[in-house]
Structures are given as C-alpha cells and as structure tokens.
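Numbering (our numbering), first residue to last: 6 to 527.
Have a look at the structure below before the remarks.
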C-alpha cells in the first residue's frame with residue numbers, strides 16, 4: 006500500500022511506494038530529502054486457553070445477567086412476573102422441569118378427566134357470566150319468535166277460510182322451528198370452541214338457517230329417541246298411558262348419550278351422532294361424566310322452569326274451578342302465568358349457555374375417548390360431467406326423487422295434522438287430500454323452475470321462450486327430451502298429486518261419507 010508522508014520543506018504530501026520504507030526520497034517540488042518510515046510490527050497478544058479460568062477474571066456476572074426480565078429456562082419464552090409455569094411449554098420457572106401434572110397430561114394426550122366434575126360447574130358459571138350479550142340476544146330472539154308465533158296462532162283462530170287456516174298453521178310450524186335451530190347453532194359453536202379451547206367468534210342470527218337447523222333438530226330427536234319408542238311400543242297394545250309413561254321414562258337413560266352425541270354432531274363427520282345405539286359403548290366408558298352431565302341438565306331445567314311450573318299449577322286449578330262454576334275467565338291468573346313464563350325464559354337464556362359450556366367441556370376432557378372424527382379425508386376433485394355423465398341424468402334423477410319424497414312426506418304429514426286439529430271441519434281424507442294437493446302445487450313450481458333453468462343452460466333464447474311463450478316448454482321437452490325429462494316428470498307428478506288430492510277431498514266430504522256409511526248399513 007502507498008505510504009503518505011508530508012515534506013518538511015514545502016508541506017506537500019507525498020505518496021511513496023511501500024518498497025521505499027526505510028529509505029530517503031527527494032520531494033519533487035523543493036528537492037528536500039524526506040525519510041520514509043519503516044512499518045511497525047504488531048505485537049502478538051497471548052490469549053488464554055478456552056478452558057482457562059483467567060479469561061473470566063474480569064467478567065462481572067452480576068452485571069451480565071438481565072434481572073429485569075424472566076425467561077423460560079427451557080424454550081426462552083418471556084414470562085410475566087406472576088407466571089410460575091411457562092405458558093408455551095409448561096416448564097416450572099424455578100426448577101426448569103415439567104410438573105408432574107403436565108407430564109401426565111402429555112403422556113395421556115389430553116387434560117385430566119377428573120377435573121371435569123369441578124370445571125363443569127365452576128368454568129361453566131364463569132363462562133355464562135362472560136357471555137351476557139349472548140344471553141340477552143337469546144332472550145330477545147325468543148321474545149321476537151314467540152310474538153310471531155302468537156300472531157300466527159291468532160290468525161289460525163281468526164280465519165274461517167280453510168286454505169288460510171292451513172297456511173297460517175304452516176307458518177306457525179316454520180316460525181316455531183327457528184328457536185330450537187338457534188339453540189342448536191349455539192350448542193355446536195360453543196362445543197367446538199370449548200373442545201378446542203378457542204375463543205368463541207360472533208354468531209349471527211340467520212332465521213332461514215335457524216329454521217333449517219330446527220328441522221335438523223326435529224329429525225335428530227326422532228332418529229335419536231326412536232329406539233325408546235320402539236321398545237315401549239308393545240305397551241301401546243295394553244294402554245296408551247302406559248306407553249307414554251314408558252317412553253318418557255326411557256328419556257332419562259338416553260340423556261346419558263346426549264353429550265357424546267353433541268360432541269359428534271359438532272365434528273365434520275356426524276354419522277355416530279344420529280345413532281343412539283352406536284354410542285352406548287362410548288357412553289359406558291364415560292359413564293361417570295355422562296351421569297354428571299345429566300345431573301347438570303336436570304338441575305338447569307328445574308331451576309329455569311320452576312317459576313313457570315309454580316304459576317301454572319294454581320292457574321290450572323283456578324281455571325278448572327271457573328269452568329265448573331261458570332264464572333268469569335281468570336284474567337289475573339293469565340297475567341301471572343305469562344309473567345312466570347317470561348321469568349323462566351330469562352333464566353333459561355342463562356341456563357342454556359351454562360349447559361352448552363358444560364357439554365363443550367365434556368367433549369374437551371373426553372375427546373380422546375369419544376372416537377371423534379375431527380377431520381375429513383381430502384377428496385379428489387372430479388368434474389361433474391365425468392361424475393354424472395354428460396347429460397347429468399343420474400344427478401337430476403336423484404334430485405327429482407328427493408323432491409318428490411320430501412314434498413309427499415310434508416304434504417301428507419301437514420294434511421294429517423290439520424285433519425286432527427280441525428276435526429270439527431275436516432275428515433282425515435279431506436286433510437290428506439288438501440296436503441297432497443299443496444304438495445303437488447309445490448312440486449309443480451319446482452318442476453317449472455328446473456325446466457326454465459335447463460332451457461337457459463341450452464341457450465338464452467330457449468330460456469326466454471320457455472319462460473314467456475305459451476306451449477314453448479312442450480316444444481322444448483320434445484326437442485331436448487334427454488335434458489328436460491326430469492323437470493317434465495316433476496310437472497307430471499304435480500298434476501297427478503293435485504288430481505289425487507282433489508279426489509281424496511271429494512271422498513272426504515261429509516255427504517260422501519254419509520252415503521258410504523248408509524250403503525254399508527244396507
């Protein structure tokens with residue numbers, strides 16, 4: 006490297022080569038002899054051996070330690086001042102070892118099931134107090150739906166036209182499904198959050214979704230408690246009261262299966278949750294926790310509906326005396342029972358959240374013993390035309406069959422219920438005929454909409470013609486029969502359902518019934 010030297014004569018800075026060290030050179034400006042200094046040799050510093058103790062003689066360990074922060078000795082996680090155990094790995098800050106309880110949890114793969122007995126009460130109580138907004142929303146939805154249901158039932162009693170009565174009865178049934186659907190939604194979401202120890206996200210109220218969940222709840226109840234009805238069915242041949250008593254009594258042992266079932270109903274695969282006999286071995290493995298949950302359930306129900314029961318008993322006694330004596334209707338008793346009902350449902354809004362949290366804790370403490378299916382195997386995507394064929398006949402056929410089945414079941418069930426409720430005006434045949442006719446109308450609307458969509462899939466012109474031009478749908482069915490055969494089949498069944506319904510209504514007329522009875526007597 007060049008060496009910079011200042012000339013003592015003219016103060017000019019000279020750049021001498023490194024080879025000129027130790028020699029004299031002349032300044033090119035003033036011809037003064039300038040001596041270039043020799044390079045200094047660096048002194049080697051003797052370092053202490055790595056294992057020597059002399060290298061740490063001047064190190065102050067008290068100054069090297071940061072006493073202002075607490076660090077986990079195992080994973081390095083920063084701890085708060087009041088943390089005894091590391092929140093990340095569970096190691097004790099003082100000993101640097103896992104506590105015995107944490108070691109058992111890791112060996113078990115989950116929490117200690119024995120803690121459920123206490124947590125089911127204390128943790129559920131704290132959770133209920135934290136979810137006050139959810140409690141108020143639940144009570145508000147109950148008031149809203151109860152008001153709508155009361156209005157629908159008033160219209161059922163007010164209307165005299167048969168069709169309007171059936172319409173308002175159907176609306177009443179639909180509205181009454183929304184509240185159990187909301188309870189079902191809350192239960193599933195709280196069980197999922199509790200089983201995974203996650204925060205509960207906001208749950209929005211969707212009335213159509215809740216009605217769908219209400220239908221699901223009804224179907225689940227029928228499927229889950231059907232074995233009890235089957236076992237008690239022979240008593241129906243002896244006495245109806247004995248059958249009802251046996252069926253109600255069998256609800257208590259079946260309740261032991263409910264928390265296990267709700268754990269499965271909250272998972273991606275819900276097959277086991279529908280079948281109560283399948284859950285018996287699983288519930289027997291957790292019999293202590295299941296019995297404890299039943300005790301919590303009965304306690305919540307008694308506390309919540311005790312005011313309603315307390316107001317109902319004297320009201321029924323007063324109403325019975327009024328009917329026997331012919332005195333005025335007991336309006337004060339009605340006000341009392343309505344007030345008791347409001348108090349009971351306020352308590353039930355709290356108790357429902359409490360019970361849902363207890364159900365979630367049941368799934369949390371027993372998730373390794375419930376055989377829950379927490380994930381679904383990834384499915385390979387297959388294009389629809391490859392799965393069903395280019396004409397989609399299999400898919401359309403299955404959809405058409407499902408529509409016919411559902412419409413037939415709902416129509417016949419609704420007509421039968423209407424016939425039993427309105428027995429003064431309806432016969433059973435008239436009720437079934439009305440339900441079958443309404444089912445035919447519904448199937449016709451679905452078939453018409455499906456045919457219109459099929460036409461639009463072919464071309465926009467065909468879609469407009471089928472929708473707006475008379476008899477264009479007939480031409481479309483003949484030209485594109487392969488694509489339109491199932492919508493056409495729905496419309497054909499719609500016609501048959503309506504004709505069959507009218508025929509049953511004709512047979513159910515009082516005059517026709519009287520003629521047939523008189524003919525039989527002859």
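Beta carbons: idealized from backbone N, C-alpha and C, even for Gly.
Neighbourhood of residue i by C-beta distance below 7 Å, restricted to the same chain and skipping five residues each side
i: residue 459; result: 488, 489 and 492
i: residue 10; result: 19, 21, 39 and 41
i: residue 136; result: 358
i: residue 150; result: 180, 183 and 184
i: residue 173; result: 157, 160, 161 and 164
i: residue 395; result: Unreliable placement is indicated for residue 395, whose pLDDT of 45 sits below 50; the coordinate value is still reported in the next sentence. Once the five neighbours on either side are set aside, residue 395 has no close Cβ partner at all.
i: residue 122; result: 297
i: residue 205; result: 194, 195 and 198
i: residue 201; result: none
i: residue 226; result: none
i: residue 301; result: 125, 360 and 363
Given residue i as reference, the closest of the options once Cα atoms are compared
i: residue 181; options: 220, 210, 202 and 206; result: 220
i: residue 118; options: 496, 255 and 368; result: 368
i: residue 317; options: 473, 308 and 345; result: 345
i: residue 463; options: 122, 305 and 486; result: 486
i: residue 347; options: 257, 503, 143 and 225; result: 143
i: residue 224; options: 278, 474 and 192; result: 278
i: residue 531; options: 484, 441, 461 and 481; result: Since the displayed the chain opens at 6 and closes at 527, residue 531 lies outside it and no answer follows.
i: residue 354; options: 470, 139 and 301; result: 139
i: residue 512; options: 475, 434 and 482; result: 434
i: residue 178; options: 153, 192, 187 and 167; result: 153
i: residue 341; options: 351, 352 and 315; result: 315
i: residue 268; options: 290, 192 and 471; result: 192
Distance CB(residue i)-CB(residue j) smaller than 8 Å
i: residue 261; j: residue 288; result: yes
i: residue 229; j: residue 271; result: no
i: residue 199; j: residue 365; result: yes
i: residue 185; j: residue 222; result: yes
i: residue 361; j: residue 195; result: yes
i: residue 457; j: residue 468; result: yes
i: residue 495; j: residue 452; result: yes
i: residue 274; j: residue 378; result: yes
i: residue 498; j: residue 448; result: yes
Anticipated Cβ contact below 8 Å, residue i with residue j, distance rounded
i: residue 237; j: residue 248; result: 5 Å
i: residue 313; j: residue 349; result: 4 Å
i: residue 294; j: residue 371; result: 6 Å
i: residue 438; j: residue 509; result: 3 Å
i: residue 530; j: residue 298; result: The chain is shown only over 6 to 527; residue 530 falls outside these bounds and no answer can be derived.
i: residue 28; j: residue 15; result: So it is not a contact: roughly 20 Å between Cβ atoms.
i: residue 75; j: residue 98; result: 7 Å
i: residue 90; j: residue 104; result: 7 Å
Same chain only: Cβ atoms within 8 Å of residue i, ignoring 5 sequence neighbours per side
i: residue 13; result: 37 and 39
i: residue 197; result: 203, 271 and 365
i: residue 190; result: 208, 214, 215 and 218
i: residue 7; result: 20, 21, 22 and 23
i: residue 256; result: 230 and 233
i: residue 311; result: 349
i: residue 31; result: 37, 38 and 39
i: residue 96; result: 77, 78, 79, 80, 90, 102 and 103
i: residue 210; result: 142, 146 and 187
i: residue 120; result: 370
Proximal residues to residue i (C-beta, below 6 Å), its chain only, five neighbours per side dropped
i: residue 50; result: Confidence is the limiting factor: at residue 50 the pLDDT is only 49, short of 50, which leaves the residue's position unreliable, though a coordinate-based value still follows. There are no such residues.
i: residue 251; result: 237 and 240
i: residue 43; result: 26 and 27
i: residue 503; result: 442 and 445
i: residue 94; result: 79 and 80
Within-8 Å CB hit, residue i to chain C
i: residue 264; result: The displayed structure is made up of one protein chain only, and chain C is not part of it.
Taking only runs of the alpha helix (DSSP H) that begin and end inside the stretch 104 to 158, which ones reach a length of at least 4 residues, in chain order?
105 to 113 and 121 to 135
Could you pull out every unbroken alpha helix (DSSP H) segment of at least 4 residues lying fully inside the stretch 213 to 261, listed in chain order?
245 to 254 and 256 to 260
Beta strand (DSSP E) runs contained entirely in the stretch 275 to 326, provided each spans 3 or more residues:
none
Start-end ranges of the alpha helix (DSSP H) lying completely within the stretch 471 to 497, minimum 4 residues
477 to 484
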